[in-house]
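Right, one structure below, let's go through it.
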Amino acid sequence: MITGNKIVLRGKKLADAKNDYTWKTDPELARLDASPRLTTSFPQYLLDYTSELRYSHSIRRNFAIETQDGKHIGNCGYYGIDETKGEAEVGIMIGNRDYWDKGYGADAVTTLVKYIFRETNLNRIYLKSLDWNTRAHKCFQKCGFTRCGRLVKDGLSFVLMEIHRKQWQQWQTEA
Ligand SMILES: CC(C)(COP(=O)(O)OP(=O)(O)OC[C@H]1O[C@@H](n2cnc3c(N)ncnc32)[C@H](O)[C@@H]1OP(=O)(O)O)[C@@H](O)C(=O)NCCC(=O)NCCS
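Below you can see the structure in the form of structure tokens.
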């Protein structure tokens, strides 16, 4: 368990499957996440989910985001861990809309970044978000991320943002 101010990050578990399925089949969330909406049945999803949980990943770590009173409201994680370059990409989804615009996303990202810089040797964390997703940009700016480029992929335009360990240390002392 990794504790932030408003949230707790914990390992994923089978009981998350129902919420995750609801969020992954939601058209608006899929659009915001620039990912295809899931169309498989829940029983099939559950089978895949169960085997995924058993598999230990060396290039990615996923966490559930819970409120301090234990409600599962979303997920986050880091992926594409590149030890040679010393970097990884982070991703976040607050699936429960009741928790948007209340600082839960910023607290989850801040907590995840703190965990990565404290527990790994990685020096750079980056992310991408759709260029029109201003809520996401604002959230990441609040966490100390700065814009570092643009990317066009599959006809979609993304803003790239990053935070370096040194910036983060500096940002922490100023916060
Ligand atoms: C993007 C996301 C992680 C942000 O988390 P959150 O808890 O909603 O965000 P926060 O409350 O920490 O910060 C959002 C900020 O954007 C502001 N905001 C919201 N809509 C906005 C808009 N259209 N334009 C500008 N700012 C906006 C909020 O007021 C808030 O700023 P404030 O704290 O100064 O008031 C979350 O909303 C989410 O997962 N959304 C659905 C999926 C998604 O967009 N995924 C893309 C991730 S790359």
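Okay, so the sequence shown: first residue is 120 according to our numbering, each after it adds one. Glycine included, every Cβ here is placed at the ideal spot set by N, Cα and C. Note that the coordinates shown come from a computational prediction; the quantities given were computed from them, not determined experimentally.
Go ahead and label residue i buried or exposed: buried means 16 or more other beta carbons lie within 10 angstroms of its beta carbon, across all protein chains shown.
i           : result
residue 213 : buried
residue 166 : exposed
residue 280 : buried
residue 294 : exposed
What is the DSSP secondary structure of residue i, counted as helix, strand or coil?
i           : result
residue 156 : coil
residue 170 : helix
residue 246 : strand
residue 165 : helix
residue 129 : strand
Could you tell me the distance, in whole angstroms, from the CA atom of residue i to the CA atom of residue j?
i           : j           : result
residue 292 : residue 175 : 35 Å
residue 126 : residue 222 : 10 Å
residue 157 : residue 143 : 6 Å
residue 149 : residue 187 : 26 Å
residue 272 : residue 183 : 27 Å
Is the distance from the Cβ of residue i to the Cβ of residue j below 8 Å?
i           : j           : result
residue 277 : residue 249 : yes
residue 123 : residue 203 : no
Measuring CA to CA, which of the options is closest to residue i?
i           : options       : result
residue 138 : 215, 186, 289 : 215
residue 193 : 270, 205, 210 : 210
residue 196 : 283, 124, 128 : 128
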